[in-house]
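Trainee: Per full-length UniProt numbering, the very first residue in the sequence shown carries number 1; after that it's consecutive.
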Amino acid sequence: KMTQQMRDLQLAQARKPPGPSSPNAAKRLYRNLSGKFRVNYTSFDEGSLAGRGEKEKLRKSYLFQSNAALFEAVELQDLDRVQELLKQYSPEELDLNTPNSEGLLPLDIAIMTNNAPIARSLLQAGAKESPHFVSLESRSLHLSTLVREAEQRVNELTAQVVNEAPSADCSEKEKQLKAWEWRYRLYKRMKAGFEHARVPDAPTNVHLSVASSSSVQVTFWEPLSVNLAVVTKYKVEWSCSPTFSPLLGEAVIDKLKNLHFTIRGLVSGTAYYVQVSAYNMKGWGPPQASVPPFAIPSNWREYDGRAPRRRGQAEALDHLLGQVKTVHQHCVCHEPCKNQPQSRKHSVSKSLKHLFHPGSKFLKTLKRGLYLTAIFYKDDNILVTHEDQIPVVEIDDTYSCLLMQDFLWFTKVSCMWDEILWLRQCVTVSQSSCSCILQTRFKMLLAISQMQGLLGIQDLGQVFFEPVKDKQGNILIVTLREVKTNQTFESVRWVPICKLQTSRKSVSSPEEPTALDTLLISIQDKLAYHQRSSHALSPGLYLGYLKLCSAVDQIRVLVPEQLPNILCHVKIRSNPNISREEWEWLQKMASVEEAVPAEPQSENSQNHLFQELQVAIKELMTLVNIPLQEAKDFRLYSQEVLDFGGQVSFLLLLPPSDDVCTAPGQNNPYTPRSGFLTLPLQIFELGEEG
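1) For the candidate residues I390, E195, V615, L370, whose alpha-carbon lies nearest to that of K364?
2) With 16 as the cutoff for other CB atoms within 10 Å, does W221 come out buried or exposed?
3) Shortest alpha-carbon distance to residue 753 belongs to which of L186, Q77, L94?
4) Buried or exposed for D396, please, with buried defined as at least 16 other CB atoms from any protein chain shown within 10 angstroms of its CB.
5) Quick check: what's the CA-CA separation for A307 versus V641?
6) Thinking just about the alpha-carbon of each residue, which of L548, S241, D553, G544 is nearest to the one in L563?
7) Among the residues of its own chain, which have a CB less than 7 Å from the CB of L186, if the five just before and after it don't count?
8) Following the continuous alpha helix (DSSP H) through H142, name the residue where it begins and the one where it ends.
9) Between which residues of its own chain and P242 is the CB-CB distance below 6 Å, once the five residues before and five after are set aside?
10) Quick one: complete alpha helix (DSSP H) runs, 4+ long, within the stretch 391-433?
11) When the Cα of Q587 is compared with those of L636, H535, A125, which residue comes out closest?
12) Reducing DSSP to helix, strand and coil, say where E630 ends up.
13) Ignore the nearest five residues each way along the sequence and tell me which others in P223's own chain have a CB closer than 8 Å to its CB.
14) Quick one, are the C-beta atoms of I475 and L370 less than 7 Å apart?
15) Note down the Cα distance separating V427 from C415, rounded to an integer number of angstroms.
16) Residue range of the beta strand (DSSP E) that V210 falls in?
17) Rounded to whole angstroms, what's the CA-CA distance from A125 to F133? Just pull it up for me.
18) Would H386 be called buried (16 or more neighbouring beta carbons within 10 Å of its own) or exposed?
19) Spatial neighbours of S212 within its chain, please: C-beta separation below 7 Å, excluding the five flanking residues on both sides.
20) By how many angstroms is the C-alpha of A150 removed from the C-alpha of K178?
21) Terminal residues of the continuous beta strand (DSSP E) containing H132?
22) By the three-class DSSP mapping on this structure, what secondary structure does L586 have?
23) When the Cα of V570 is compared with those of L623, N607, I375, which residue comes out closest?
24) Whose C-alpha, out of F610, S144, F376, P131, is nearest the C-alpha of residue 692?
25) Of all the options L548, H608, L652, which has the alpha carbon lying nearest to the alpha carbon of F684?
26) Going by Cα to Cα distance, which pick from L122, E302, G249, E92 is closest to K233?
27) Excluding sequence positions up to five away, which residues of its chain have a Cβ less than 6 Å from the Cβ of D406?
28) Which residue comes first and which comes last in the beta strand (DSSP E) that contains R493?
29) Assuming Y371 is part of the beta strand (DSSP E), what are its boundary residues?
30) Kindly indicate which three-state DSSP category I578 falls into: helix, strand or coil?
31) Helix, strand or coil: how does DSSP classify C436 here?
32) Please report the distance separating the alpha-carbon of K173 from that of F71.
33) Does G675 pass the burial test, meaning 16 or more other C-beta atoms within 10 Å, or should it be called exposed?
34) Return the chain-ordered list of same chain residues with a C-beta closer than 6 Å to the C-beta of T219, the five sequence neighbours on each side being excluded.
35) Tell me the residue span of the beta strand (DSSP E) that contains E482.
36) Return the CA-CA distance between D380 and A295, expressed in angstroms with no decimal places.
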């Protein structure tokens, strides 16, 4: 009996929160601490184990109090406290879906008092309704019982308070009476909420799209009216018939953070109809058919049977690299490598001896030449040598070749940090030609090996997109890597970046800073570029803007500063797939700005894509600062959809053919003024691959 379990409320009074108290909080805490959850630690004889046992007991006691606090916060409709507890503890620690002695869960109380904000917070945390309510009748009977027993307890306590003379015991009963009167009102409010509620309206904005050749995706919003009861789940049904008879399948969605569902395992080329309905404590509401009413699983490649552009390319390259390694495996240039562990001083060639000499170390100052510097950072700290210098090694003190060609070759080498020794040996074979280019690239590999050896690590990170130069003829190739663990390195230590910038004594004038000073001054910008260039796009279909400009020795591509590894872009929609029907429609459009047939009145995927593209084009032109009237001759690239890993895809918007790539000295009418930069095309390709 509930009335027999309500005793001794002193504990609840001792920690009484602002506002009316709940007697159930004390009862639950007392039951949990003294009942079936009590843990026996008497078997531990050793002090350390007993100490850990006591700590565990205290931890469980604290969690039980948190469970009681959650119930009380829901009953008192304290949204801030509910959200605080959900953030502080996991659902398991809160016993979020364990019914109390009245057979209620926190979500039951929230929905039957029609407290939508608390109910939504609980649902997003994974809360469920009580399994005891198997029907409307069982819920109604349960609430009636709670109201009746609470009313009976109020009457009993009222009679005792009226008939007894004033005393300490009478004062305690008055407190119990007030608490039970509050609980009686709560149960009556819950019962009235249940009786006045009705099933919810149908969900709104039910949109159906093609997700792949074997799946469709449905997205939807909450009903306009939930009819005095919070929606706790949704049902998605699908069929090949517009009457939904027979029904092919259904799925119940009770995780309401994102209202969408992907129906998988469908047959390509078959039309599927979908409808969605909502559920509250009064039952399922009417279904809402999707817009468009059906979708046909397909992919744009089915239009002409085109295979993925990169299918098998990675495997073919790996195979080719393996063949090259096999050819060089028994080459004479590998003999020193085989004998090196036994007798290094005899096996290492004369040109490599300085790498293993104790005098081989980082440079403090630069003389005219080409250098490599590696920047490792963690939070606001950077790795420096024991002389508080950024690690720098020399590549070539007599450099006179074409910098951009060698720099771009270096960036490709950065994809194979673990293969430097092998690459160095392969380049050695061809060194007899005495080519300036081969000599420089061999020295680059030597410098990389030296940097790896001094730091004790192979991966030097990502190459910054342009070298740092000064007027004294120094050139710095910069690599950047973020360290996310407490990793230790040889010959270097961590210091705050701000300390390094303020403590370094410049040896150059502000008018003509050295490359090292320039690097130090701009290091924050370079770290920001590195962090932004590693960001990934969320899944979806995007509209990208392709704009190139050429120079004597390179082609550069326009990218946003905030995401330099991706073209200038805007998001069209969250679904990355272009269906066959949508692609067929795009093929019929020579240009978005040409005369397009009037927008169809019927709802279909082509019409929806048309609307999405209109919005995206306007947004993209605003982003790159190009007036719409100047973009009237822009075109959609209709040869293919650019696919990145299956979760991100791009449609490209191109300027007129004569303006896609601007030549040196040519007026460039389609370049934004700020917030963008141009990267060498090869650098951009490496970043995009990453």
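Where a beta carbon is used, it is the ideal one built from N, C-alpha and C, also for glycine.
Mentor: Well, looking at it:
1) I390
2) exposed
3) Because residue 753 is not part of the residues shown, which for the chain are 1 to 690, the question remains open.
4) buried
5) Looking at the two C-alpha atoms, the distance is approximately 12 Å.
6) G544
7) Leaving aside the five residues that flank L186 on each side, the residues in its chain whose CB is nearer than 7 Å to its CB run, in chain order, E75.
8) 136-163
9) Cβ within range, chain order: Y273.
10) 403-413, 420-429
11) Nearest C-alpha to Q587: L636.
12) helix
13) P200, D201, A202, P203, T204, V231, A278, G285
14) yes
15) 17 Å
16) 204-212
17) Rounded to the nearest angstrom, the gap between the Cα atoms of A125 and F133 is 21 Å.
18) Around the beta carbon of H386, fewer than 16 other beta carbons sit within 10 angstroms, so the residue counts as exposed.
19) These residues qualify, in order along the chain: P297, N299, N577.
20) 12 Å
21) No beta strand (DSSP E) contains H132, which DSSP labels as neither H nor E.
22) Helix, per DSSP.
23) L623
24) Residue 692 falls outside the range modelled here, since the chain spans only 1 to 690, and no answer is possible.
25) L548
26) L122
27) T440
28) 492-496
29) 369-378
30) coil
31) helix
32) 23 Å
33) exposed
34) Excluding residues within five positions, the ones whose Cβ falls inside 6 Å are H207, H260.
35) 474-482
36) 51 Å
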